[in-house]
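Numbering (the numbering used here), first residue to last: 610 to 1309. In what follows, a structure is listed as structure tokens, so that the remarks can point back to it.
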Ligand SMILES: *Cc1c(COP(=O)(O)O)cnc(C)c1O
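Structure representation (structure tokens):
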């Protein structure tokens, strides 16, 4: 959906052409060296590229499991299709194989020469998924690299490895069970991991100088290896890794036009080109036009064209059959939330930089991460290494756990004590909201982790700060382990003298409790009191956690705020839709329910398929709110309906399907803070009401 992805898709077509080149050697007529460079070096970029693309798109989304399962299913289907397609040719070329050899081919090497790609994809993605999700990049990268190095030894560097008896032994045994080391076990994982890593970390710069140097390095490395006849096979080189890494980054920065179905086209070409090679050879023989194959360049061009034409025809037929011609993906056909996760990364970095060194961030992702979608947000934070979370309810906590969020998850609000078993099972930490509550929870007799809340003046949750005996007695409860102690400021968002005074008083009260705990020789658990504004206005307060909620999303509560610390934060969320319908109205025509708006001129209106059931505040009706269409503001006219709204586009050049933005991360007047202000509320409320019906799309 984003521009930068077109260049990746388009490059797949080129990669498919490279693969065909490997199998035909079109430049062999010109010189062996040029053939070597094209097919043994440049051509070897193609398959790693395909692996990286899969890593980039499949491994790296929050609904990970789904995507990986879908990828596995698709690869399996394609593999079965490929095996059936090439079964006759396989039997013709190898004869009937022994069962163990057949199994080895199916599992590792592919039953026909290009089909190894599919088992390699499946094995590779399973390994990479395990590495990334279970161990994270800090282990995934070195392990994938290690596998690659082992693979190198059986591939381009085999000639050297052979000199060492131990290594020779190792590889000889390895080659009993696999023909090559360029497979899903040794070669694919590193590229899957790199692709996924690039998606998660979104580098903003390219390194084209480094790319050039590494490309030259690759040339020299490969030419030297071949010169000394060292390779056993030549799919893997040392310099291939940085070339792919920097090359992929460069590709991401390329802007290019969408070529429809590029990825499907490339896949079909990959699948069918060996058949086309056979077909062209057959035709050349039968029709006595030998130049079709004797000149490999012509052979290559004919096979390429034929493969692409047939692939195009197959796509056409498939589209007819399934009628999958809708232009925009179904997911975003109505209204949707778009998340820019690189902004989230940016915010985390900015906040962490401003914190005291020994202070940790507790990411507050309650209320569906303020309407952004708890899973995509928390999964991304998890990848960034955030190890502490806060939610409002036990079910929010369970959802995070079920989707693989590690670390501490603190429930800030009330949980029915009868759910103690779930607290334990999902390793959730419960806030002790008062003395009686703590006793009731303890009486359940189930070991539970907790943070102790102190009321220092907010008068919402917590044991009164003066009630030191009660506070100290909490540490004696046999079934409750107190890992933390917290309070919450009621007025830290304001810099008025009275509010500052009150906040400092709350802090002093909290400190007196901390002091009493120390005096009683109780080991001090983690201590925390600042939420977003506590941090922005009192950065000098120094405790163990900052509970970062709204600032993580790059938004302030109201526009143009003055805070002591002013951080360069970037909003993560936009709300977008499309124009569903355009109508022309005469002067004096009413619009919408109760005819609250009457046109005062000939008016063109657009109907937008989003409404208050999507979380848009209804009080933005009738010129209060507006949306952005083609970079122009269009006022909302008539009352916002449950599922639709109308805007005036008389002076705007707009057509059906044009993008409509209700909240934008850049454009000032439709930033969340300003939209919220027009609704007489704060961004926190506006955002947290979103997202019960809106799908979430990750743009970046
Ligand atoms: C919601 C909440 C936070 C986070 O608040 P922000 O202002 O969004 O950072 C922190 N602590 C408690 C107790 C909360 O309820």
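Glycine included, each C-beta is placed from N, C-alpha and C at the ideal position. Every value quoted in this text rests on a predicted model; they were computed, and no experiment measured them.
Beta-carbon contacts of residue i that lie in its chain and below 8 Å, excluding the five residues immediately before and after
i	result
residue 961	970
residue 1256	1214, 1215, 1217, 1235, 1236, 1238, 1243, 1244, 1245, 1246, 1269
residue 823	848, 851, 852, 855
residue 1090	1056, 1057, 1058, 1059
Span separating the alpha-carbon of residue i from that of residue j
i	j	result
residue 695	residue 617	29 Å
residue 678	residue 1136	42 Å
residue 1028	residue 1138	26 Å
residue 1019	residue 1213	51 Å
residue 1283	residue 955	22 Å
residue 734	residue 681	8 Å
residue 1221	residue 875	43 Å
residue 724	residue 712	14 Å
residue 1246	residue 931	39 Å
residue 872	residue 620	9 Å
residue 1235	residue 1307	24 Å
residue 691	residue 683	12 Å
residue 1278	residue 1108	29 Å
residue 672	residue 976	At residue 672 the pLDDT is 46, less than 50, meaning the model places this residue with poor confidence; the figure from the coordinates comes in the next sentence. One C-alpha to the other measures close to 19 Å.
residue 1311	residue 1302	The structure shown does not extend to residue 1311, since the chain is modelled only from 610 to 1309, so the question has no answer here.
residue 1196	residue 1260	15 Å
residue 1188	residue 881	41 Å
residue 1186	residue 1055	48 Å
residue 1031	residue 1153	27 Å
residue 627	residue 1232	57 Å
Cβ neighbour criterion (16 or more within 10 Å) applied to residue i
i	result
residue 1184	buried
residue 709	exposed
residue 936	Since pLDDT at residue 936 reaches only 46, below the 50 mark, its modelled position is unreliable, and the value read off the structure follows with that caveat. Answer is exposed; the Cβ neighbour count stays below 16.
residue 958	exposed
residue 809	buried
residue 1045	exposed
residue 836	exposed
residue 1087	exposed
residue 916	buried
residue 693	exposed
residue 862	exposed
residue 702	exposed
residue 704	exposed
residue 1095	buried
residue 1146	buried
residue 1190	exposed
Inter-residue CB distance, residue i and residue j (contact presumed, cutoff 8 Å)
i	j	result
residue 1156	residue 1166	In fact, because the Cβ distance is near 15 Å, the residues do not count as touching under 8 Å.
residue 1229	residue 1288	6 Å
residue 819	residue 767	Not a contact, Cβ separation roughly 28 Å.
residue 1123	residue 1084	Actually they do not touch by this definition, with Cβ atoms about 13 Å apart.
residue 1035	residue 1010	4 Å
residue 783	residue 763	6 Å
residue 789	residue 842	5 Å
Near ligand 1: residue i beta-carbon under 8 Å from a heavy atom
i	result
residue 1159	yes
residue 1298	no
residue 871	no
residue 1293	yes
residue 979	yes
residue 1099	no
residue 1140	yes
residue 1189	no
residue 1021	yes
residue 1135	no
residue 1001	yes
residue 959	no
residue 622	no
residue 975	yes
residue 742	no
residue 1182	no
residue 1176	no
residue 953	no
6 Å Cβ shell around residue i - same chain, five flanking residues per side excluded
i	result
residue 1043	1072
residue 759	795
residue 756	795, 798
residue 1074	1063, 1065, 1118, 1122
residue 1143	1098, 1101
Residues near residue i in its chain [Cβ-Cβ closer than 7 Å; skip 5 each side]
i	result
residue 754	799
residue 637	644, 905
Below-9 Å beta-carbon distance, residue i vs any chain C residue
i	result
residue 1170	The question asks about chain C, but that chain is absent: this structure has only one protein chain.
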